[in-house]
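Chemist: Numbering (our numbering), first residue to last: 147 to 385.
No residue lacks a Cβ here, since even glycine has one placed at the ideal position from N, Cα and C.
Keep in mind it's a predicted model, so treat the numbers as computed, not measured.
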Ligand code: FPP
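Set out below in structure tokens:
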């Protein structure tokens, strides 16, 4: 463990945009899918590292609401990786990590939805890192979902206009009951959020790196945390 990390001031919630799998594969003259497989393996390594460090929540962007635009082959291959991981997670009891999927899962193949419910149920008592897998997730889609819920409650007379507050919205998005991400990491040299946790990231710290996701090591995560711990977070307050 990197002794420059102050374990008393860890980010409670880290978000990761796992970008650069395709370029990683291209550099090696491999099919894109090889990049996603390497990325999926690396996700497991980084999740374990977060758990060892004591990070309470990790959210990884695995499939966005926009990723349906990719070829059917690529989408099918990604879904196979999710299947494999969810099936494997039956053996992860000793890892003590809790799995949660965030996103519109009704659009996913039925067997994956069942595997998600099973994995969430099996890991619900774990006390280590809560791993949010964002699948068919979009920040705007999540806000539409929250707004529709509120509209329905208003129609039913269960909520008044005055009760529609920031907290009311936070309570109706996929990460209700979780702290907002303190730190969002995007590797692969891109500097954008791509519809990832747009509501939750209002005061997140960002850390970018040129490393492609499959090459992103636990030591890179440590560097991101060290940089985060040097930031002065004011949340709009004066110095
Ligand atoms: C973006 O990089 C990455 C994705 C759209 C998929 C991310 C998915 C994984 C890492 C697999 C996750 C698996 C599990 C089990 C959680 P890109 O491929 O678009 O990269 P590029 O910009 O270099 O082409």
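Tell me whether residue 169, by its Cβ, gets closer than 7 Å to a heavy atom of the ligand FPP.
Modeler: What you label residue 169 is simply residue 23 of the chain shown in a count that begins at 1. Under cutoff, so the answer is yes.
Chemist: Give a single yes or no on whether residue 178 has its beta carbon closer than 7 Å to a heavy atom of the ligand FPP.
Modeler: Counting from 1 along the chain shown, the entry for residue 178 is found at position 32. It does: the Cβ of residue 178 is within 7 Å (strictly closer) of some heavy atom of the ligand FPP.
Chemist: Which residues in the same chain have their Cβ closer than 8 Å to the Cβ of residue 305, if we skip the five residues on either side of it in sequence?
Modeler: The residue labelled residue 305 in the question sits at position 159 within the chain shown. Excluding residues within five positions, the ones whose Cβ falls inside 8 Å are 296, 299, 314.
Chemist: Within a Cβ cutoff of 7 Å, which residues of the same chain sit near residue 231, ignoring the five residues on either side of it in sequence?
Modeler: On the chain shown, residue 231 is found 85 positions in, with the first residue counted as 1. Only 186 meet the Cβ criterion.
Chemist: Within the present structure, is the beta-carbon of residue 164 separated from the nearest heavy atom of the ligand FPP by less than 7 Å?
Modeler: The residue labelled residue 164 in the question sits at position 18 within the chain shown. Within the cutoff, so yes.
Chemist: Specify, as a first and last residue, the run of the alpha helix (DSSP H) that residue 301 falls within.
Modeler: Position 155 of the chain shown, counting from 1, holds the residue named residue 301. That run of the alpha helix (DSSP H) goes 285–301.
Chemist: Residues in the same chain with beta-carbon distance under 6 Å from residue 349, minus the five sequence neighbours each way, listed in chain order, please.
Modeler: If you number the chain shown from 1, residue 349 lands on position 203. Only 381 meet the Cβ criterion.
Chemist: Identify every residue that forms a DSSP beta bridge with residue 199.
Modeler: Your numbering for residue 199 matches position 53 in the chain shown. Note: residue 199 sits in no beta bridge, so no partner.
Chemist: Looking at the unbroken alpha helix (DSSP H) that takes in residue 170, where does it start and where does it end?
Modeler: As a position in the chain shown, residue 170 is number 24, starting the count at 1. That run of the alpha helix (DSSP H) goes 167–173.
Chemist: Would you say the beta carbon of residue 297 is closer than 7 Å to some non-hydrogen atom of the ligand FPP?
Modeler: Along the chain shown, read from residue 1 onward, the residue named residue 297 stands at position 151. No, the beta carbon of residue 297 sits no closer than 7 Å to any heavy atom of the ligand FPP.
Chemist: Is it buried or exposed, residue 256, if we count other Cβ atoms within 10 angstroms and call 16 or more buried?
Modeler: Translated into the one-based positions of the chain shown, residue 256 becomes position 110. Residue 256 comes out exposed.
Chemist: Hey, is residue 279 close to the ligand FPP, as in C-beta under 7 Å from one of its heavy atoms?
Modeler: Counting from 1 along the chain shown, the entry for residue 279 is found at position 133. Yes - the ligand FPP has a heavy atom lying nearer than 7 Å to the Cβ of residue 279.
Chemist: What residue does the beta strand (DSSP E) around residue 248 start on, and which one ends it?
Modeler: If you number the chain shown from 1, residue 248 lands on position 102. Segment 244–248, the beta strand (DSSP E) holding residue 248.
Chemist: What's the C-alpha gap between residue 370 and residue 301?
Modeler: Here residue 370 refers to the residue found at position 224 when the chain shown is read from its first residue. Here residue 301 refers to the residue found at position 155 when the chain shown is read from its first residue. Each residue's alpha carbon lies about 45 Å from the other.
Chemist: Taking the Cβ atom as the reference point for each residue, do residue 281 and residue 245 lie within a distance shorter than 8 Å?
Modeler: The residue labelled residue 281 in the question sits at position 135 within the chain shown. The residue labelled residue 245 in the question sits at position 99 within the chain shown. Cβ distance not < 8 Å, so residue 281 and residue 245 don't count as in contact.
Chemist: State yes or no: is the C-beta of residue 258 within less than 8 Å of the C-beta of residue 278?
Modeler: Numbered from its first residue, the chain shown carries residue 258 at position 112. Numbered from its first residue, the chain shown carries residue 278 at position 132. Against a cut-off of 8 Å, the Cβ pair of residue 278 and residue 258 comes out as no contact.
Chemist: Pairing CB atoms from the region 357–365 with CB atoms from the region 336–343, are three or more of them under 8 Å?
Modeler: Too few Cβ pairs lie closer than 8 Å, so no.
Chemist: Identify the continuous alpha helix (DSSP H) that holds residue 160 and give its terminal residues.
Modeler: What you label residue 160 is simply residue 14 of the chain shown in a count that begins at 1. Careful: residue 160 lies outside any alpha helix (DSSP H), inside the beta strand (DSSP E) at 159–163.
Chemist: Report whether the distance from the Cβ of residue 206 to the nearest heavy atom of the ligand FPP is below 7 Å.
Modeler: Residue 206 sits at position 60 when you count from the first residue of the chain shown. Flag set: Cβ of residue 206 near the ligand FPP.
Chemist: Short of 8 Å in beta carbon distance, which residues of its chain neighbour residue 193, apart from the five on each side in sequence? Order them along the chain.
Modeler: Indexing the chain shown from 1 puts residue 193 at position 47. Hits under 8 Å: 204, 206, 243, 275, 277.
Chemist: So what does DSSP say about residue 372, is it helix, strand or coil?
Modeler: Walking along the chain shown from the start, residue 372 turns up at place 226. Helix, per DSSP.
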